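Here is the structure we will look at, set down as structure tokens.
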Amino acid sequence: MQQCMKEVARMSGRRVVVVGAGNAALCAALAARERGAEVVVLERAERDLRGGNTAFTAGAMRVAYDGVDDLRNLMPDLTDEEVAVTDFGTYTTEAFLDDMARVTEYRTDPELAGILVDQSYPTLLWMREKGVRFVPIYGRQAFKVNGRFTFWGGLTVEVSGGGPGLVDSLAKSAEREGIKIEYGARALSLLHDDEGVHGVVVRQNGHTREEHADAVVLACGGFQANTEWRTRYLGPSWDLAKVRGTMYNTGDGHQMALNAGASPTGNWSGCHAVGWERNAPEFGDLAVGDHFQKHSYPFGIMVNANGQRFVDEGADFRNYTYAKYGRRVLEQPGQFAWQVFDQKVTHLLRDEYRIRQVTKVTAPTLEALATKLEGVDPAGFLREIEQYNAAVDTATPFNPNVKDARGTHGLNVNKTNWANRLDEGPFEAYAVTCGITFTFGGLRINSNAQVLDTDMRVIPGLHAAGELVGGIFYFNYPGGTGLTNGSVFGRIAGYQAAEG
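With the numbering used here applied, the sequence shown covers 480 to 979.
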């Protein structure tokens, strides 16, 4: 009887509907449930395709920490032996905020960015309590030099099992907490009037109904899977980009909120886009996940159809450049490029270069390679390589763990770090195109994750988190920040939705 009374008390709060079932949505659901709300999650996809873009990520999460003790709180399985051979360094809130400002060209909303940074560590601790397991990103963010691993680029933590592991952990926690997740349930519009938002109209199994609630949390992703919207907002050629993740992120949340008077904000012409397997399918494939990406370009060169380099591959650690270089690839003739490596660096290539579904060519000489690069002018390529090799500063030591300042001089597009001559065959090349991850334009929220209208007033009962929030990312983003952003503001949105 006493247990029943406790359960009744627990269920006596508000009713919250969460639209979406990725990281941000499930964090919102768990937070709302924690504060006593009855929670229903509406997932447009069927169960085997659940999780939105989260299911397609590698699971990296950027977090501020002061040293290895903080990391051991997040990752209690970290052994003394691992700590002894690893330099985890620090990543302070100041460093995180500086990265946010720098890569967004100082356009990120300072209040929202400050919350994201300050709440990153406590939010990950909270997620660990909910059953999410974190591990160091040894395979992708640390190289072993002289017997010691060194982490670089401010990115140290990932979810065990990657994005699918994150979705599974959060979903299991939600189910344990009595949160109802309805699949194949597409939210179509908000139920709203002069008093605010009171629920959503949802279509499921061919039937349309009203789902009433005291508050709604929109956490259903960007509009990257909507070809017409991509072209409308991002511009020409974006209809030709591949979609890295789910096919269900078509801007539904944006549209229903805008129809209810929400204020749009942020970089609507901007997005997160990367170098992606040229022959990948139109949308993401959960069986391959994130492995269509090709992110070892800092250790080689990229050439276009004319055989010419077009970006500084070594401008910074890849997790500060990869999210903007997809756009640069899309701008090239034919919307493709080839990444080229020689044997000095092939051991540094990430696991994604070894998958079966890869467009790869190899050759013992550069002359032979030039004839195999489909769509590339062989003569132009060989001229480019000759000029590049002659411009490399070989006197500066090569070190993949730091920005080593081993660059080139005198080229139209110089390489700033990690420049090596391409002179040790056999040579390898990989074809890439643009893969869009998520869009940056979205809804305007306040520090409580409440959606504001076009008069900058709170829309009662409406909250938002994740990719459909605008104002946080512009032009680019620091790798691993997307999931952290979703978790931080999802948690805040859930708490606020439950408390009213």
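For glycine and all other residues, C-beta sits at the position ideal for the given N, C-alpha and C. Quantities reported herein were computed from a predicted structural model and do not represent experimental measurements.
Taking C-alpha atoms, which residue in the options lies nearest to residue i?
i, options, result
"Q866", "L890, N880 and G886", "L890"
"G745", "T571, Y801, E689 and D588", "D588"
"G641", "A704, P615 and T536", "T536"
"A510", "T558, D597, V696 and R619", "V696"
"A910", "L809, H751 and R923", "L809"
"V646", "G805, A508 and K851", "A508"
"A534", "L649, R586 and Y956", "L649"
"R835", "A692, N684, P957 and E756", "E756"
"D556", "V611, L828, T933 and K894", "V611"
"D791", "N896, R529, R512 and V564", "N896"
"A580", "T569, G568 and G593", "G593"
"A842", "F906, R833, E654 and A972", "F906"
"T838", "Q772, I951, F860 and G793", "Q772"
"A759", "L595, C913 and T602", "C913"
"A869", "K894, V638, W708 and M726", "K894"
"T629", "A539, R711, V564 and Y570", "V564"
"R494", "G793, E637, G959 and L941", "L941"
"N899", "G793, R807, E846 and L931", "G793"
"R627", "G685, V562 and T635", "V562"
In angstroms with no decimal places, state the Cα-to-Cα distance between residue i and residue j.
i, j, result
"H733", "V948", "9 Å"
"A741", "E690", "20 Å"
"H904", "T844", "Sequence inspection shows Gly at residue 904; the His mentioned does not correspond to that position. Approximately 6 Å, taken between the alpha carbons."
"G618", "G714", "36 Å"
"E978", "P879", "49 Å"
"E656", "G515", "11 Å"
"V881", "W631", "7 Å"
"E525", "R665", "10 Å"
"R936", "L922", "13 Å"
"K803", "N625", "33 Å"
"Q481", "I658", "Because the pLDDT at Q481 is just 42, under 50, the model does not fix this residue reliably, and the point stays unresolved."
"V892", "D566", "33 Å"
"G813", "T873", "34 Å"
"L901", "F877", "14 Å"
"N532", "R723", "8 Å"
"W747", "Y953", "9 Å"
"L884", "G961", "Note on residue identity: the sequence assigns Ala, not Leu, to residue 884. Rounded to whole angstroms, A884 to G961 spans 29 Å at the Cα level."
"E584", "N955", "9 Å"
"T850", "W605", "54 Å"
"T887", "I864", "12 Å"
"G633", "A908", "29 Å"
"T933", "L550", "41 Å"
"T572", "D597", "7 Å"
"R833", "V680", "45 Å"
"E654", "I660", "8 Å"
"D693", "E831", "45 Å"
"T706", "I951", "23 Å"
"R607", "A972", "19 Å"
"G678", "D559", "50 Å"
"A739", "D731", "13 Å"
"P957", "A539", "11 Å"
"L861", "K623", "33 Å"
Does the beta carbon of residue i fall short of 8 Å from some heavy atom of the ligand ADP?
i, result
"T602", "The model on display carries no ligand, and the ligand ADP is accordingly not part of it."
Under DSSP, the alpha helix (DSSP H) around residue i begins and ends at which residues?
i, result
"M981", "Within the shown structure, residues of the chain are numbered from 480 to 979, placing residue 981 beyond reach of any answer."
"M579", "T572 to V582"
"V547", "V547 to L553"
"A543", "Segment: none, A543 is in no alpha helix (DSSP H) and carries neither H nor E."
"R806", "Y801 to L809"
If I follow the unbroken beta strand (DSSP E) through residue i, where does it start and stop?
i, result
"P857", "Element bounds for P857: not the beta strand (DSSP E) but the alpha helix (DSSP H), P857 to A870."
"V819", "A816 to F820"
"Y909", "F906 to T918"
"E668", "One detail in the question is off: residue 668 reads as Ser in this sequence, not Glu. Its beta strand (DSSP E) spans residues A664 to D672."
"K623", "A621 to V624"
"P643", "That residue, P643, is in no beta strand (DSSP E); its alpha helix (DSSP H) goes G641 to R655."
"K839", "K839 to A842"
Could you tell me whether the region 686-703 touches the region 914-921, where touching means 3 or more Cβ pairs closer than 8 Å?
yes
For the pair the region 570-583 and the region 539-550, tell me if three or more CB-CB distances fall below 8 Å.
yes
Could you check whether the region 670-678 touches the region 702-721, counting it as contact only if at least three pairs of C-beta atoms, one from each stretch, sit closer than 8 Å?
no
Runs of 4 residues minimum, wholly inside the region 932-971: which ones carry the alpha helix (DSSP H) assignment?
none
Can you find at least 3 beta carbon pairs, one from the region 760-770 and one from the region 808-825, that sit closer than 8 Å?
no
Does the structure place the region 495-502 close enough to the region 520-539 that three or more beta carbon pairs sit under 8 Å?
yes
Counting Cβ pairs, one atom from each stretch, are 3 or more of them under 8 Å apart for the region 810-822 and the region 772-787?
yes
Can you list, in chain order, the stretches of the alpha helix (DSSP H) that have 4 or more residues and sit fully within the region 496-536?
502-513
With contact counted as at least three CB pairs below 8 Å, one residue from each stretch, are the region 935-947 and the region 959-967 in contact?
yes
Would you be able to state if there are at least three C-beta pairs under 8 Å between the region 785-801 and the region 855-874?
yes
Does the pairing of the region 770-778 with the region 790-801 give three or more beta-carbon distances under 8 Å?
yes
Can you list the alpha helix (DSSP H) stretches of 4 or more residues lying completely in the region 661-741, in chain order?
731-738
Three or more C-beta pairs below 8 Å linking the region 926-936 and the region 747-766:
no
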